[in-house]
Amino acid sequence: MSASVSMPLGGVQVGSYDDYAQAQRAVDFLSDEKFPVENVTIIGSDLRMVERVTGRLSWGRAIAAGAASGAWFGFFVGLLLSIFAEDGSAWFGSILTGLLIGLVFGAVFGAVGYAASQGKRDFTSTSKVVASRYDVMCNPQFAEQARTHLAHLSLRN
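Residues in the sequence shown are numbered consecutively from 1, following full-length UniProt numbering.
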């Protein structure tokens, strides 16, 4: 059974950073300094969801995207079926058949999905959750040691 360090949400703040990469670098530095990093937590604060619009969605794009994802799925199903092919040339037919059937079904489902949206969402996007601040928190018994190490890191920069 492994022992885990139980710490109230957060612990003691030993550093605060504008982006995750900086907080990660601080914890990496603590690790390099042989600090017991299992006592450290990175907490993102003031979370918000950011959705970046990547383009307009049209009938052609919806059908093409559906066909592409269907083709990939069909390709992998064809690969699985080709394992059971009796002769050497049947494996290619299994893969090609799976790919083509997947392409057709994917295109149909892409078109049906686009039609179901009824023009309410005619764009594509990606979304992610980001924090405005990342706090490095530490178990109280190790907090002063962590602050000392992180002070050395800030002096290096």
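C-beta: ideal position from N, C-alpha, C; glycine also.
Cβ distance (whole Å) where residue i is taken to contact residue j below 8 Å
i	j	result
G66	F109	5 Å
F73	Q145	Between Q145 and F73 the Cβ distance is about 52 Å, and since that is not below 8 Å, they are no contact.
DSSP three-state assignment for residue i, whether helix, strand or coil
i	result
G147	For the record, residue 147 in the displayed sequence is Arg; it is not Gly. Of the three classes helix, strand and coil, the one that applies to R147 here is helix, per DSSP.
A3	In this prediction, A3 has a pLDDT of 42, which is less than 50 and means its spatial position is unreliable; what the coordinates show is noted afterwards. Here A3 sits in coil by DSSP.
Neighbourhood of residue i by C-beta distance below 6 Å, restricted to the same chain and skipping five residues each side
i	result
Y114	A62
V53	F123, S125
Residues that residue i bridges to, as DSSP identifies them
i	result
F123	R56
A131	L47
Q93	According to the sequence shown, residue 93 is Gly rather than Gln. Looking at the DSSP assignment, G93 forms no beta bridge with any residue, so it has no partner.
Cut-off 8 Å between Cβ atoms - residues of its own chain near residue i, not counting five sequence neighbours on either side
i	result
D19	Y134
L150	V14, G15, A26, F29, L30, V136
Residue from the options whose Cα sits closest to the Cα of residue i
i	options	result
S117	D32, L57, P36, M49	L57
V129	M49, A26, L30, Q13	M49
D46	A21, S132, G119, F142	S132
I42	E51, Q22, G60, W59	Q22
G44	G60, F84, G55, Q24	Q24
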